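Colleague: Chains A and B are the protein sequences, given in the same order.
Each residue of the first sequence is one higher than the one before, starting from 22 at the first, in the numbering used here.
Each residue of the second sequence is one higher than the one before, starting from 576 at the first, in the numbering used here.
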Amino acid sequence: MKWILQKKNMLILTSIAILFTGCLISGTFVINEKFTLNGNSGFYYYQIDITGESDWQDHKDDIDNIDVVGFELWFTNNGATDVTFNTYVDDFYNPLCTDTNCLNNNSTKIKIIDNLKLIPGSTHITYGQSFQYLVNIDQLRQLAKEGQFNFYGVSSPGGVNISLDSAQVVVTVSASGT
Amino acid sequence: MKKIVILLFLLSCLIPTTLIKAVSFGIGAYGGTEIPVVQDDQAQGTTFGFHARVKIIPVIVLEPNINFTNFGDPTFAEFTSDLQGSKVTSYGVDATFGAPFADAGLNLYGIFGAGFYNIKRDQTFQDETKLGWSGGLGLALAFTTQIALDARSKLNVIPSDNGGSKKSLSLIGGLNFYFGK
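(1) At 4 residues or longer, what runs of the alpha helix (DSSP H) sit wholly inside the segment 130–165 of chain A?
(2) Quick one: Cα of residue 650 of chain B to Cα of residue 616 of chain B, how far?
(3) For residue 698 of chain B, list the residues DSSP reports as bridge partners.
(4) Exposed or buried, which one is residue 142 of chain A when buried takes at least 16 other CB atoms within 10 Å?
(5) Find the residues of chain A that neighbour residue 662 of chain B, judging by a C-beta separation of less than 9 Å, and give them in chain order.
(6) Relative to chain B, which residues along the segment 139–153 of chain A have a C-beta separation below 9 Å, given in chain order?
(7) Please say whether residue 711 of chain B and residue 686 of chain B have beta carbons closer to each other than 8 Å?
(8) Please identify, using Cβ separations under 8 Å, the residues of the segment 689–700 of chain B that lie next to chain A, in order along the chain.
(9) Does the beta-carbon distance from residue 644 of chain B to residue 671 of chain B come in below 8 Å?
(10) Suppose the cutoff is 8 Å on Cβ atoms and the five residues either side in sequence are ignored; what does the same chain contact list for residue 619 of chain B look like?
(11) Does DSSP classify residue 183 of chain A as helix, strand or coil?
(12) Which of the three DSSP states, helix, strand or coil, is assigned to residue 117 of chain A?
(13) Compute the Euclidean distance between the alpha carbons of residue 57 of chain A and residue 704 of chain B, then round it to the nearest angstrom.
(14) Could you tell me whether the segment 148–157 of chain A touches the segment 61–69 of chain A, where touching means 3 or more Cβ pairs closer than 8 Å?
(15) In whole angstroms, give me the CA-to-CA distance for residue 119 of chain A and residue 175 of chain A.
(16) Could you check whether the segment 176–188 of chain A touches the segment 156–164 of chain A, counting it as contact only if at least three pairs of C-beta atoms, one from each stretch, sit closer than 8 Å?
(17) Going along chain A, which residues have a C-beta under 7 Å from residue 658 of chain B?
(18) Short of 7 Å in beta carbon distance, which residues of its chain neighbour residue 182 of chain A, apart from the five on each side in sequence? Order them along the chain.
(19) Determine the extent of the beta strand (DSSP E) in which residue 740 of chain B is found, giving its start and end residues.
(20) Pick out whichever of B:659, B:600, B:742 and B:604 has its Cα sitting closest to the Cα of residue 635 of chain B.
(21) Do we get a CB-CB distance below 8 Å when we pair residue 736 of chain B with the residues of chain A?
(22) Output the boundary residues of the alpha helix (DSSP H) element that contains residue 75 of chain A.
(23) Taking 8 Å as the threshold, find out whether the segment 106–118 of chain A comes into contact with the segment 72–83 of chain A through three or more Cβ pairs.
(24) Mind checking residue 55 of chain A: buried by the 16 CB within 10 Å criterion, or exposed?
(25) Taking the Cβ atom as the reference point for each residue, do residue 698 of chain B and residue 659 of chain B lie within a distance shorter than 8 Å?
(26) Check each candidate in B:745, B:734, B:732 and B:724 and name the one with the smallest Cα separation from residue 752 of chain B.
(27) Roughly how many angstroms lie between the CA atoms of residue 638 of chain B and residue 731 of chain B, to the nearest whole one?
(28) Along chain B, which residues have their Cβ under 7 Å away from the Cβ of residue 50 of chain A?
(29) Just to confirm the assignment, what range does the beta strand (DSSP E) spanning residue 58 of chain A have?
(30) So residue 113 of chain A and residue 171 of chain A are in contact, right, with Cβ under 8 Å, and what is the actual spacing, rounded?
(31) Pull up the distance between the alpha-carbon of residue 680 of chain B and that of residue 626 of chain B, whole angstroms please.
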């Protein structure tokens with residue numbers, strides 16, 4: 022006890038306490054991937070896969086949490102009336118739907134954007150803005166933990182020509198080594 | 576819990592002088608910068624706080640404290656950088672080791688503490704409170720036995736749910752006032 026209470030030894034013990042834990046090599050990483058949706062006439066699809074990104078490769082075996090998933094989206098509504106856009110995700114290893122009927126019959130899909138209104142012309146949803154449109158966030162984070170998931174967009178009315186000019190998914194990952 | 580700690584801190588400032596002299600008591604305020612450690616989703620921000628100092632034995636001082644941190648907004652090259660930094664409010668107790676209580680001159684000491692950290696980011700609907708810990712080193716320069724300049728470097732570690740942790744480094748400076756010895 023007397024040894025512990027000596028000033029020099031207390032400083033050494035405190036320094037060791039700071040370095041102890043092993044969790045000093047953990048961190049939070051932001052991974053993004055650009056993509057363009059396939060399809061047209063109101064139904065769009067893409068298989069998102071961030072597992073090839075370098076940060077994912079570096080930490081794939083040590084992922085503790087998916088903290089946040091967000092999107093950046095650029096739309097153009099080429100029609101003269103508003104369009105409603107809904108977005109769904111599904112497990113990467115379920116069959117990829119390439120038409121509306123398939124998606125309607127898919128019982129495992131999860132809606133993540135509910136009735137986003139696209140006015141005629143261009144609409145830009147930034148990463149920071151996307152959080153206010155996202156629903157079922159916990160299920161989305163769970164899917165994103167695999168690093169891969171199927172992404173679907175459905176516009177209504179389907180006849181109006183809209184295009185998703187550019188898109189990005191942004192995944193914030195917490196990982197720790199041992 | 577947070578309100579109770581704040582109330583206790585304020586009440587501690589009202590302790591009669593006679594009692595303060597008996598137990599060796601001080602108060603302090605500080606501020607500085609908060610640097611995220613391997614956290615891509617936060618940028619360097621500001622921090623400030625208040626603490627009481629109570630001598631337990633000659634070289635161990637307990638510090639009930641409350642801290643307010645605002646991380647800066649991170650920037651990203653690949654997409655629009657409009658993610659807001661988190662706000663962290665923490666309250667707990669630190670112990671300082673090694674430096675005598677309110678001694679004149681320059682004193683180096685170690686710090687180890689624990690507390691509750693509330694992390695809030697309205698934009699992503701994050702609002703969670705975790706039990707975390709901190710450790711570091713401090714340097715006190717006392718002009719008299721009543722007043723001292725205080726500089727600290729402290730690593731804050733907030734464990735995550737499934738392992739790992741969020742870490743940040745506080746670099747702070749402040750003033751301590753002593754009422755008894």
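For glycine and all other residues, C-beta sits at the position ideal for the given N, C-alpha and C.
This one's a predicted model, so the numbers in the text were calculated from it and none came from an experiment.
Modeller: Straight from the coordinates:
(1) 148–151 and 158–165
(2) 8 Å
(3) Residue 698 of chain B pairs with nothing; no bridge assigned.
(4) Only exposed fits residue 142 of chain A, as fewer than 16 other CB atoms lie within 10 angstroms of its CB.
(5) Going along chain A, no residue has its Cβ under 9 Å from residue 662 of chain B, so there is no contact; the nearest lies around 16 Å.
(6) 145, 147, 148, 149, 150, 152 and 153
(7) yes
(8) Correct list: 698, 699 and 700.
(9) no
(10) 608, 609, 610, 611, 646 and 647
(11) strand
(12) DSSP, reduced to helix, strand and coil, places residue 117 of chain A outside both helices and strands of the structure shown, so it counts as coil.
(13) 38 Å
(14) no
(15) 11 Å
(16) no
(17) In chain order: 148 and 149.
(18) 99 and 100
(19) Looking at the DSSP string, the run of the beta strand (DSSP E) that includes residue 740 of chain B is 740–753.
(20) B:600
(21) So, interface residue.
(22) 75–80
(23) no
(24) exposed
(25) yes
(26) B:724
(27) 16 Å
(28) 615
(29) Note, residue 58 of chain A: premise wrong, no beta strand (DSSP E); not H, not E.
(30) Indeed, because the Cβ distance is near 6 Å, the residues count as touching under 8 Å.
(31) 21 Å
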